[in-house]
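Mapping to my numbering: the sequence shown position 149 is 234, numbers consecutive.
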Amino acid sequence: MSSTNLRILLKARPQGRPGPEHFQRAEEPRPAPQQGEVLVRHRFLSLDPYMRGRMSDAPSYAAPVALGAVMEGECVGEVVESRHPGFTAGDWVRGARGWQQWSAAHGSTLVKLPRQVGVSPSAYLGVLGMPGTTAWIGTTEILQPRPGECFVVSAASGAVGGVAGQIAKHMGARVVGIAGGAEKCRFVTGERGFDACVDHRGDLATALDEACPSGIDCYFENVGGAVQAAVFPRLREFGRIAFCGMVAEYNQIPAPPGPNLMALVRKRLRLQGFLVNDHPRAWKQWGETGATLLRDGRLRFREDVVQGLENAPEAFAGLLEGRNFGKLVVAL
Ligand SMILES: NC(=O)c1ccc[n+]([C@@H]2O[C@H](COP(=O)([O-])OP(=O)(O)OC[C@H]3O[C@@H](n4cnc5c(N)ncnc54)[C@H](OP(=O)(O)O)[C@@H]3O)[C@@H](O)[C@H]2O)c1
Numbered sequence: 086m087s088s089t090n091l092r093i094l095l096k097a098r099p100q101g102r103p104g105p106e107h108f109q110r111a112e113e114p115r116p117a118p119q120q121g122e123v124l125v126r127h128r129f130l131s132l133d134p135y136m137r138g139r140m141s142d143a144p145s146y147a148a149p150v151a152l153g154a155v156m157e158g159e160c161v162g163e164v165v166e167s168r169h170p171g172f173t174a175g176d177w178v179r180g181a182r183g184w185q186q187w188s189a190a191h192g193s194t195l196v197k198l199p200r201q202v203g204v205s206p207s208a209y210l211g212v213l214g215m216p217g218t219t220a221w222i223g224t225t226e227i228l229q230p231r232p233g234e235c236f237v238v239s240a241a242s243g244a245v246g247g248v249a250g251q252i253a254k255h256m257g258a259r260v261v262g263i264a265g266g267a268e269k270c271r272f273v274t275g276e277r278g279f280d281a282c283v284d285h286r287g288d289l290a291t292a293l294d295e296a297c298p299s300g301i302d303c304y305f306e307n308v309g310g311a312v313q314a315a316v317f318p319r320l321r322e323f324g325r326i327a328f329c330g331m332v333a334e335y336n337q338i339p340a341p342p343g344p345n346l347m348a349l350v351r352k353r354l355r356l357q358g359f360l361v362n363d364h365p366r367a368w369k370q371w372g373e374t375g376a377t378l379l380r381d382g383r384l385r386f387r388e389d390v391v392q393g394l395e396n397a398p399e400a401f402a403g404l405l406e407g408r409n410f411g412k413l414v415v416a417l
């Protein structure tokens, strides 16, 4: 058993694609656990798209990794020595212990893994861990696919996408994956059991039309970029999107022009389209409430009154250019 702890430190912040030049190897003696700590031999490290964000000091939902610090990451490993009452040598644990071979972690920062015959401990970094849980939330809480609906998920051969599609299939949806290349697509329909899978490296728009002839009810967004652009116009009425991530854009600095929809994930925003005519009861409710507020002087309004029907076309053109000031009406 090695007495050295190899660590990978963040050396520089990548401006585009991260490469070896942004990291630095460092070796130090294996740590010794203090009272309450557990010495863990890391056996698996999870690599996840979110790490790209940690390498950057742009505003985000989590603090960046400091330059010179060990890169963040989740590990599973074996307890070699325990000075915490909750753990004994031989236990398997999971924790955010970083890109390194060993760590001395306080017991409260570790989760003890159940022993499951036939399941590799690495599964607790994927299908039974953070990505699997992400797939579960996005599918069952946000998208809630109904039987027969068309459920599309991007990065479908990946950690999150593969699980999301399978959950949707169990819920009775028709599941279409999007993946890069024929081999991944074959895997998605074969091993993962999706109904169809389209290759985003080909003519994605045509392939989506063929795979989703009636449109898309649910989209589990993992990728953004060109894939999002192709899916978006194919969403059906009352469709839902679960914005999980936009991995295709993580290396793009500055971010592509236009509203950066990754803010939906970072700030947990909710987008919901609606049409007033879907809410007939609201007309009566507001009619009464608004009239009361007006009568009491607690509601003000302004009108921009254009005289003469003949001026309507020009007034309307002005409306689309911001020339009106207040509610535009034509006095006939
Ligand atoms: N919101 C959350 O709490 C949360 C939690 C976990 C993960 N996520 C997000 O979920 C997404 C998937 O994560 P994962 O862990 O499951 O990763 P993953 O799917 O295992 O790996 C990333 C995949 O993204 C696809 N991809 C990368 N660049 C692309 C591009 N330019 N265009 C199209 N596809 C591209 C690739 O698949 P193809 O070769 O098939 O294109 C790649 O294999 C990421 O956006 C991640 O940030 C969010």
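C-beta atoms are modelled at their ideal positions from N, C-alpha and C, and glycine is treated no differently. Since this is a predicted model, take the numbers as computed values, not measurements.
At a cut-off of 8 Å, is Cys270 close to ligand 3 when judged by its beta-carbon and the heavy atoms of the ligand? Ligands displayed in this structure: ligand 1; ligand 3 is not among them.
Beta strand (DSSP E) runs contained entirely in the segment 322 to 397, provided each spans 3 or more residues: 388 to 392
Nearest-angstrom Cα separation, counted from Pro318 out to Ile263: 16 Å
What are the boundary residues of the beta strand (DSSP E) that includes Trp187? Trp187 to His191
Can you round the beta-carbon distance between Leu94 and Ala154 to whole angstroms, since I take them to be within the 8 Å contact cut? 6 Å
Bounding residues of the beta strand (DSSP E) (the contiguous stretch that carries Gly262): Arg259 to Ala264
Closer than 8 Å: Ile263 CB and nearest ligand 1 heavy atom: yes
Answer yes or no: the CB of Thr219 versus the heavy atoms of ligand 1, is any distance below 8 Å? yes
Whole-angstrom C-beta distance between Ala267 and Val260, which should lie under 8 Å: 19 Å between Cβ atoms; not a contact.
Exposure of Ile338, with buried meaning 16 or more beta-carbon neighbours within 10 Å: exposed
Can you give me the Cβ contacts of Arg200 inside the same chain, cut-off strictly under 8 Å, excluding the 5 residues immediately before and after it? Trp177
Give a yes or no on whether the C-beta atoms belonging to Ser145 and Met215 are separated by under 9 Å. no
How big is the Cα-Cα spacing for Val150 and Glu157? 7 Å
With distances taken between CB atoms, is the gap from Gly180 to Arg126 smaller than 9 Å? no
Can you give the beta carbon distance from Leu405 to Leu413, rounded, assuming they're within the 8 Å contact cut? At roughly 11 Å, the Cβ-Cβ gap does not stay under 8 Å, so Leu405 and Leu413 are not in contact.
Own chain residues within Cβ distance below 6 Å of Phe272, not counting five before or after: Ser242
Distance between Lys352 and Arg383 (C-alpha atoms, nearest Å): 33 Å
Which residues in the same chain as Phe129 place their Cβ atom closer than 7 Å to its Cβ, once the five residues preceding and following it in sequence are excluded? Cys160, Val161, Pro206, Ser207 and Leu210
Ignore the nearest five residues each way along the sequence and tell me which others in Leu198's own chain have a CB closer than 7 Å to its CB. Val161, Trp177, Val178, Arg179, Pro206 and Tyr209
Compare the C-alpha of Ala143 against each of Gln185, Lys269 and Asn336 and name the closest. Asn336
For the beta strand (DSSP E) containing Lys412, list its first residue and its last residue. Lys412 to Ala416
Does the beta-carbon distance from Ala315 to His285 come in below 9 Å? yes
Can you name, in chain order, every residue of its own chain whose Cβ lies under 8 Å from the Cβ of Gly175, other than the five neighbours on each side? Glu163 and Val164
For Phe401, the three-state DSSP class (helix, strand or coil): helix
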